[in-house]
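K.L.:
0 is the number of the first residue of the sequence shown in numbering that gives the first Met the number 0; add one for each residue after it. Ideal Cβ positions, reconstructed from N, Cα and C, are used throughout, including at glycine. Structure in C-alpha cells, see below.
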Amino acid sequence: MIHGIKNIFNILLVIISLNASAQIKPAMHLNSLEYLEYQGVNVMLAHDFYPEGHQGGVGIIQNGQRVATNGDIRLEPTPGQWQPIPKVGKRITDKAAGKISVHMEYPNEEINRKGFNPVIYPDLHFSYTTRIEPAGKGFKIIVDLDSTLPVRWIGKVGFNFELYPGVLFGKSYYMDGESGIFAQQANGPDYKDEAGETQIAPMATGNKLTIAPESEMQRMTIENLKGNKLQLIDGRGKHNNGWFVVRSLVSKGATKNAIEWLVTPHAIEGWRSSPVVQVSQVGYHPQQEKIAVIELDAKDTKKRNASLLRIGETGGFQTALEAAPKDWGKFLRYHYLQFDFTTIKKPGMYVVQYGGDTTAPYQIS
Numbered sequence: 000m001i002h003g004i005k006n007i008f009n010i011l012l013v014i015i016s017l018n019a020s021a022q023i024k025p026a027m028h029l030n031s032l033e034y035l036e037y038q039g040v041n042v043m044l045a046h047d048f049y050p051e052g053h054q055g056g057v058g059i060i061q062n063g064q065r066v067a068t069n070g071d072i073r074l075e076p077t078p079g080q081w082q083p084i085p086k087v088g089k090r091i092t093d094k095a096a097g098k099i100s101v102h103m104e105y106p107n108e109e110i111n112r113k114g115f116n117p118v119i120y121p122d123l124h125f126s127y128t129t130r131i132e133p134a135g136k137g138f139k140i141i142v143d144l145d146s147t148l149p150v151r152w153i154g155k156v157g158f159n160f161e162l163y164p165g166v167l168f169g170k171s172y173y174m175d176g177e178s179g180i181f182a183q184q185a186n187g188p189d190y191k192d193e194a195g196e197t198q199i200a201p202m203a204t205g206n207k208l209t210i211a212p213e214s215e216m217q218r219m220t221i222e223n224l225k226g227n228k229l230q231l232i233d234g235r236g237k238h239n240n241g242w243f244v245v246r247s248l249v250s251k252g253a254t255k256n257a258i259e260w261l262v263t264p265h266a267i268e269g270w271r272s273s274p275v276v277q278v279s280q281v282g283y284h285p286q287q288e289k290i291a292v293i294e295l296d297a298k299d300t301k302k303r304n305a306s307l308l309r310i311g312e313t314g315g316f317q318t319a320l321e322a323a324p325k326d327w328g329k330f331l332r333y334h335y336l337q338f339d340f341t342t343i344k345k346p347g348m349y350v351v352q353y354g355g356d357t358t359a360p361y362q363i364s
C-alpha cells in the first residue's frame, strides 16, 4: 500500500514538473558564439569595429535584417567620418551570468592626430565598460564609467545607437505617446551649439521609444531606465551617409549605470531565414568543377533536394540534375550545403533551385 502511494506521489511530481517546464517561456540568452539570441533576434557587442561603416558596438539583427548598430559612447549627437571613436578592449563573456562586456577608452592614441586624415581628439580622457545582458525577451544595455566626466563635457557625451534608415522609411514611431514618421528625406530643423557647430534638433524626446509598431518584422522598443531621456535624431541632416540615432546623455556625477536601457526587439516565433543559393556569376567552363553553395538558417534541419535547371531556347526549364546537397557545416550564424553539378557539361543557360530560392541565370560554356 505504502509503495503504491509513493508511486502515485512520484507520478504526480513528474506531471507537475512537466507542466512547469511547459510554462517556461523562451527568453534571450547567451549562445556559444558569444552573442545574445532569442528566436530570430541576435544581439552582438564588439564583434566588429568600423564605426564609419556603421559597424561596431552593440548591434541587432532582427528577423534576418540588421536594424541597429554602433551602440557606443560618442562625443557628438550624430558623428561622421574622421570624428573621435573609442579604443576598444577585449570582449569578456560571463557564461554563468549570460553577460557580455567590453572596456573602452578615449582617446585612442593609436590614431590621435596621426596618419592620413588624422582624427583630432579633444583634451578629454575617460574610460568605461559597456555591457549587455538578457532581460526576458529583450536585453539591457548598461554603461559604467570608471570616473565622472569633467563638468564641461556634461551635455555633450552620450550613448548613441544607430538605426538603419533604409527599412524605416514611411514607418511610424511613438515616443511617450507622441508620434511621428521616419521620413525618406532629412527635414531638420537644426541649431547652433555653444561651439557654433550645426546640430540637428531631436525628432522626439522621452523615456520610451517604440519603433515601427505596425511591423511584426521590425517592431522594437527602447526604454530608458535612468533619468537621462532618450533623443531620436535624424543623423542624415549632417551627413549624407548618416542613420537615425537614438541617444542618451551621460548625467553629471554618473559612474555606475550611467546609461541603462531596456531594448526589446520583437521576435517572430519560429522564424527562420530563407535559403540562399550562390553560384559563379561569370559561369562555368564545361570541364571545370561546378559547386553551388547553399546558405541555411542554423536551425533549419529540413532536408531538400537541389535542382539544376537548364533554360530552354524557346522558354521553360528542363531538369538537368536533381540531388541531395552535401553537408558542409556551420560558419558563424549559418549552416552551409554544397550542390555539386560537375557532371553537367552541356553548354547553355542554367539556374539552381533550392527550397524557395532560385539563382539568376548563368552560363556553362
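Could you check whether the stretch 124-134 touches the stretch 93-106, counting it as contact only if at least three pairs of C-beta atoms, one from each stretch, sit closer than 8 Å?
P.N.:
yes
K.L.:
Flag this pair as touching only if the stretch 142-159 and the stretch 196-206 have three or more C-beta atom pairs under 8 Å; answer yes or no.
P.N.:
no
K.L.:
What whole-angstrom Cβ distance do Val-249 and Leu-144 have, given they're in contact under 8 Å?
P.N.:
7 Å
K.L.:
Tell me whether the beta-carbon of Tyr-335 lies closer than 7 Å to the beta-carbon of Glu-294.
P.N.:
yes
K.L.:
With a Cβ-Cβ cutoff of 7 Å, do Phe-243 and Pro-164 count as a contact?
P.N.:
yes
K.L.:
From the DSSP output, which residues share a beta bridge with Asp-296?
P.N.:
Tyr-333
K.L.:
Out of curiosity, what's the CA-to-CA distance linking Thr-263 and Lys-113?
P.N.:
40 Å
K.L.:
Which class does Glu-33 belong to by DSSP, given the choice of helix, strand or coil?
P.N.:
In this structure, Glu-33 counts as coil in the three-state DSSP scheme.
K.L.:
Assess, as a yes-or-no matter, whether the stretch 166-185 is touched by the stretch 132-144 under the definition of 3 or more beta carbon pairs within less than 8 Å.
P.N.:
no
K.L.:
At which residues does the beta strand (DSSP E) containing Met-174 begin and terminate?
P.N.:
171-174
K.L.:
Ignoring anything shorter than 3 residues, give me the beta strand (DSSP E) runs that lie fully in the stretch 195-252, in order along the chain.
P.N.:
The stretch 195-252 contains, as complete beta strand (DSSP E) runs of 3+ residues, the segments 197-199, 203-205, 207-210, 219-223, 229-233 and 243-248 (chain order).
K.L.:
Around the Cβ of Thr-68, are there at least 16 other Cβ atoms within 10 angstroms (buried) or fewer (exposed)?
P.N.:
buried
K.L.:
Should the stretch 336-351 be called in touch with the stretch 297-308, which here means at least 3 C-beta pairs below 8 Å?
P.N.:
yes
K.L.:
In the DSSP assignment, what residue or residues form a beta bridge with Pro-133?
P.N.:
Phe-138
K.L.:
Provide the residue span of the beta strand (DSSP E) that contains Asn-159, from first to last.
P.N.:
157-162
K.L.:
I need the DSSP call for Gly-56, collapsed to helix, strand or coil.
P.N.:
If DSSP states are grouped into helix, strand and coil, Gly-56 belongs with the strands.
K.L.:
If I measure Cβ to Cβ from Gln-286 and keep anything under 8 Å in the same chain, skipping five residues before and after, which residues do I get?
P.N.:
Lys-344
K.L.:
Let me know the secondary structure DSSP gives Gly-165 once reduced to three states.
P.N.:
helix
K.L.:
Based on Cα-Cα distance, which residue from Arg-218, Arg-246, Thr-204 and Asn-111 lies nearest to Val-66?
P.N.:
Arg-218
K.L.:
Please specify which runs of the alpha helix (DSSP H), each continuous and at least 4 residues long, are wholly inside the stretch 66-112, giving them in chain order.
P.N.:
none
K.L.:
For Val-101, count the other beta carbons within 10 Å of its own beta carbon; 16 or more makes it buried, fewer makes it exposed. Which is it?
P.N.:
buried
K.L.:
Looking at Pro-78: is its Cβ nearer than 7 Å to the Cβ of Val-118?
P.N.:
no
K.L.:
Is Arg-246 buried or exposed, if buried means 16 or more other CB atoms sit within 10 Å of its CB?
P.N.:
buried
K.L.:
Under 8 Å by Cβ, that's how I've got Thr-204 and Met-174 pegged, so tell me the actual separation to the nearest angstrom.
P.N.:
Contact check for Thr-204 and Met-174: beta-carbon distance about 7 Å, within the 8 Å limit, so the pair qualifies.
K.L.:
Below 7 Å CB to CB, which residues in the same chain sit around Thr-358 once its five sequence neighbours on both sides are set aside?
P.N.:
Same-chain partners within the cutoff: Val-276, Val-278, Val-350 and Val-351.
K.L.:
Enumerate in chain order the residues of its own chain whose CB-to-CB distance from Lys-298 is below 7 Å, with the five nearest sequence positions on each side excluded.
P.N.:
These residues qualify, in order along the chain: Arg-271.
K.L.:
Excluding the five sequence neighbours on either side, which residues of its own chain have a C-beta within less than 7 Å of the C-beta of Leu-167, listed in chain order?
P.N.:
Phe-181, Ala-211 and Phe-243
K.L.:
Is it true that the CB of Gly-169 sits closer than 7 Å to the CB of Gly-236?
P.N.:
no
K.L.:
For Gly-354, does the three-state DSSP call read helix, strand or coil?
P.N.:
Three-state DSSP puts Gly-354 in coil, outside helix and strand.
K.L.:
Do Gly-269 and Gln-362 have their CB atoms nearer than 7 Å?
P.N.:
Not closer than 7 Å, so no.
K.L.:
Just to confirm, is the Cβ distance from Gly-97 to Leu-29 under 7 Å?
P.N.:
Contact flag set, yes.
K.L.:
Are Ile-91 and Ile-131 touching if we call contact CB-CB under 7 Å?
P.N.:
no
K.L.:
Can you look up Val-150 in the DSSP assignment and give me helix, strand or coil?
P.N.:
Helix, per DSSP.
K.L.:
Can you give the Cα-Cα distance for Thr-342 and Asn-240, rounded to whole angstroms?
P.N.:
47 Å
K.L.:
In three-state DSSP terms, what is Pro-360?
P.N.:
coil
K.L.:
Do Leu-231 and Met-202 have their C-beta atoms closer together than 7 Å?
P.N.:
In terms of Cβ geometry, Leu-231 and Met-202 form a close pair [threshold 7 Å].
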